[in-house]
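> Take this structure, written in structure tokens, and hold onto it; I'll ask about it next.
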Amino acid sequence: MDRRYLLKNSLALGGLVGLGGCATPPQAPAAKAVSNIPIEDRVPHLAPIRAHTDRLFDIKVCIRPFRTKGPRLDVEQIGDAMVVHNYGHGGSGWSLSWGSANMAVQKAMSASPKQIAVIGCGIIGLTSALTAQRAGAQVTIYTRELLPRTRSVRANGSWTPDSRISLASEAPANFGATWEEMARMSWKTLRSYLGLPGNPVTFTDHYRLSDVSFGQPTPRDPAIPPLPPPSWTGLPEKSSDFGEYAERIADLTPKPQILTDDNNPFPVKYASRSTQMFFNFTEYGHLLMNDFYAAGGKIVMRDFHSPGELADLPEKMIINCPGFAARDWWKDKAMVPVRGQTGWLIPQPEVNYAMTYRNVQILSKSDGIMVIALEDGDMKGYNNSDESIRRAESERAVRVIEELFSRFPTNPA
Amino acid sequence: MRHTLILVLMACAAASGAQAGTWDGVYTDAQAERGGVQFQQHCGRCHGANLAGTFETPPLVGRFKPYWSGATMDVLFDYVATAMPLDHPGSLSRAANADILAFILKANGFPAGAKELSASSEDLKNIRFDAVRPPPEPAPNSKRKKGARPQ
């Protein structure tokens, strides 16, 4: 790889300014390359990421509430109460929440209840509660944790609407259409949260960097321990066994752009850029909670131990959003834990992009720069409910990015 | 007719009847001690050696009491036995789970007694988890007249 060539061009284009400020811009030929790139597609100034393991100030582990059949959305009678289920959104809860809430509330409101109970205060519960309020109901959330302490806030928090949302072989035949309706409704609702102070919902450029041409698998770091042998029988055996529906909404987001050598500011051979929506947990969470209280919502802190307890609630219409707890509470055998871990580097507001390189994803958010190890795709963490922190995993991921930035001459390796 | 009603009521009482509560000494100190060893081995990593939990992991003291109040012990036992330890759910023996529950009861200030906490769901169904010590039952001969104000 001709590192100097790439740097020369990135600097000439005003690429990584933080690095470029200390380097001597090489000579002329770059100008010719610039002329071929439309001004609107040039890579803007990008600040370098201070990727050092001692800047990892938090590590979060969650269990994605994966349900092999797709989210549970049916209605059940418990005593004299109607229960509308809304759980099992896998790695797509933040993305699908508004659409799924809309479906649940439509079912609930068909009985014209004045009061509705919502069980759970993760992102699915909170959006269900807000949607029910907007439909005219008085809402009480019964929950054992408020949003900041739920598993929702230990997630990635990006627009990933078909991330581990079903097993293709287990989902109902019409699930693709249901999913699309959910995703489109969410997308439209999320529009109303764009551009607000603190950017509760926002977009960023996502750079995908690679040492091998796109389409080739990224080599797996041999230092990473292999996945343990499956503790289950049957599917999934590979990432493609999970339901994939993104093509249905491909019209919503721009196509990825391949960055030509003269427009690639990174010291890697291959790069592309896409655009990604993501959620800033702190601002978005506060906004949703405040909206809920402002509309007269009440919260009762309590735990439930058996479905029959729901019949004792004063509300006779209940939207049930327990997330992964449904496995034990409702004995839902379709629920499978999928472990996920995110590392968090100290926030750098000047970093306004995401990147993926060597199976590590970086996303700069208001509350930190998120670092995730992605090797093994959707199989990673499947049927694993260990929520203990593996610091070595996050540190290894940080070092991948640290090494990337160390290649620049201002910070020689 | 009247006899039938009484029989039905008696049957209901027997079926639902929690005859003891967590304040009645439903475990022994020795059992809690055994449970403490098991707890530190299998539960303490997440819930903390002092049961206080973490930001992410629920505590097993404090709010644990109101959260479980009113349930019968078989429900708590079933939850612990099937959902825990989180990374290997259902991997502990029934006896070990009973011992761990005894340890948790002790840590929450419930008194020990002379009899160990059973690992049988049938037995546990008859023990109610009371967060607050219930008021003593009135003595049989201290029945007040209907409407009389307590002294």
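In order, the protein sequence lines correspond to chains U and V. According to this note's numbering, the stretch in the first sequence is residues 4 to 416, in order. According to this note's numbering, the stretch in the second sequence is residues 340 to 490, in order. A virtual CB, placed ideally from N, CA and C, is assigned to each residue, including glycine.
1) When the Cα atoms are used, what is the spatial distance from M188 (chain U) to V471 (chain V)?
2) When you compare each of U:L170, U:I404, U:S397 and U:R410 to F60 (chain U) by their alpha carbons, which one comes out closest?
3) Which value, in whole angstroms, describes the spacing of the CA atoms of T27 (chain U) and R410 (chain U)?
4) From what residue to what residue does the beta strand (DSSP E) around W347 (chain U) run?
5) Starting from N386 (chain U), follow its DSSP beta bridges and name the residues at the other end.
6) Can you tell me which of the three DSSP states A400 (chain U) falls into?
7) Could you tell me the alpha carbon to alpha carbon distance between D315 (chain U) and T359 (chain U), rounded to whole angstroms?
8) List the residues of chain V that H308 (chain U) touches, going by C-beta distances under 7 angstroms, in chain order.
9) Per DSSP, what kind of secondary structure is K191 (chain U) in: helix, strand or coil?
10) Who are the Cβ neighbours of A135 (chain U) in its own chain at under 6 angstroms, not counting the five residues just before and after it?
11) If you draw a straight line from the alpha carbon of W347 (chain U) to that of Q377 (chain V), how long is it in whole angstroms?
12) Quick check on the DSSP output: the beta strand (DSSP E) that includes G371 (chain U) runs from which residue to which?
13) Name the chain V residues whose beta carbon is nearer than 8 angstroms to that of D389 (chain U)?
14) Compare the C-beta of A26 (chain U) against all C-beta atoms of chain V and say whether one is closer than 9 angstroms.
15) Using the Cα positions of E372 (chain V) and Y418 (chain V), report the straight-line distance between them to the nearest angstrom.
16) Closest Cβ-Cβ distance between P316 (chain V) and chain U: below 9 angstroms?
17) If contacts are defined as beta-carbon pairs under 8 angstroms, then F408 (chain U) and P51 (chain U) qualify, I think. What distance do you get, rounded to the angstrom?
18) Name, going along the chain, the residues of the segment 363 to 382 of chain V whose beta-carbon falls closer than 8 angstroms to a beta-carbon of chain U.
19) With a CB to CB cut of under 6 angstroms and the five nearest residues on each side skipped, what residues in its chain are close to G429 (chain V)?
20) Hey, is P397 (chain V)'s beta-carbon within less than 9 angstroms of any beta-carbon in chain U?
21) How far does the beta strand (DSSP E) with N323 (chain U) in it extend, from its first residue to its last?
22) With T236 (chain U) as the anchor, note down where its beta strand (DSSP E) starts and where it stops.
23) Answer yes or no: does any C-beta atom of chain U fall closer than 9 angstroms to that of R467 (chain V)?
24) Return the CA-CA distance between I40 (chain U) and K241 (chain U), expressed in angstroms with no decimal places.
25) From the DSSP output, which residues share a beta bridge with S213 (chain U)?
26) Per the DSSP calculation, Q141 (chain U) is bridged to which residue(s)?
27) Can you name the residues of chain U whose CB is closer than 8 angstroms to the CB of A422 (chain V)?
28) Name the chain U residues whose beta carbon is nearer than 7 angstroms to that of R384 (chain V)?
29) From the DSSP output, in three-state form, read off A31 (chain U) for me.
30) Any contact between the segment 255 to 275 of chain U and the segment 285 to 298 of chain U? By contact I mean 3 or more CB pairs, one from each, below 8 angstroms.
31) Taking DSSP as the reference, what is the three-state secondary structure of A434 (chain V)?
32) Nearest-angstrom Cα distance between P350 (chain U) and L129 (chain U)?
33) With 16 as the cutoff for other CB atoms within 10 Å, does W235 (chain U) come out buried or exposed?
Let me spell this out:
1) If you take the alpha carbons of M188 (chain U) and V471 (chain V), they lie about 47 angstroms apart.
2) When only C-alpha atoms are compared, the closest one is U:S397.
3) With a pLDDT of only 35 at T27 (chain U), under the threshold of 50, the placement of this residue in the model should not be trusted; the figure read from the coordinates follows. For the pair T27 (chain U) and R410 (chain U), the Cα-to-Cα distance works out to about 15 angstroms.
4) For W347 (chain U), the enclosing beta strand (DSSP E) covers residues M338 to L348.
5) DSSP output for N386 (chain U) lists no bridge partner at all.
6) DSSP places A400 (chain U) in helix when its eight states are reduced to three.
7) For D315 (chain U) and T359 (chain U), the distance between alpha carbons rounds to 49 angstroms.
8) The answer, in chain order, is A410, V414 and Y418.
9) Assignment of K191 (chain U) by DSSP, reduced to helix, strand and coil, places it in the helix class.
10) Counting only Cβ-Cβ distances below 6 angstroms, and skipping sequence neighbours, we find V108, I119 and V142.
11) Approximately 33 angstroms, taken between the alpha carbons.
12) In the DSSP annotation of this structure, the continuous segment of the beta strand (DSSP E) that includes G371 (chain U) starts and ends at G371 to A376.
13) Those are L425 and D426, listed as they occur along chain V.
14) Bear in mind that the predicted position of A26 (chain U) carries a pLDDT of just 33, short of 50, making it unreliable; the figure below should be weighed with that in mind. So no, A26 (chain U) is outside the interface.
15) Using only the alpha carbons, I get a separation of about 21 angstroms.
16) Given a span of 340 to 490 for chain V in the structure shown, any question on residue 316 (chain V) remains unanswerable.
17) About 5 angstroms; that satisfies the 8 angstroms criterion.
18) Within the segment 363 to 382 of chain V, no residue qualifies.
19) The residues are T421.
20) It does: the Cβ of P397 (chain V) has a partner Cβ on chain U nearer than 9 angstroms.
21) Residues M320 to N323.
22) For T236 (chain U), no beta strand (DSSP E) run applies, since DSSP gives it neither H nor E.
23) It does not: the Cβ of R467 (chain V) has no partner Cβ on chain U nearer than 9 angstroms.
24) Rounded to whole angstroms, the separation of the alpha carbons of K241 (chain U) and I40 (chain U) is 39 angstroms.
25) BP columns for S213 (chain U) point to U:Y273.
26) In DSSP, Q141 (chain U) forms a bridge with U:Q118.
27) In chain order: R330 and D331.
28) By Cβ distance, chain U contributes S391.
29) The pLDDT assigned to A31 (chain U) is 38, lower than 50, so where the model puts this residue is not dependable; a value taken from the coordinates is nonetheless given after this. Residue state, collapsed to three classes: coil.
30) Touching, no, given that fewer than three Cβ pairs across the two stretches are closer than 8 angstroms.
31) Helix.
32) So the two alpha carbons sit approximately 26 angstroms from each other.
33) Answer is exposed; the Cβ neighbour count stays below 16.
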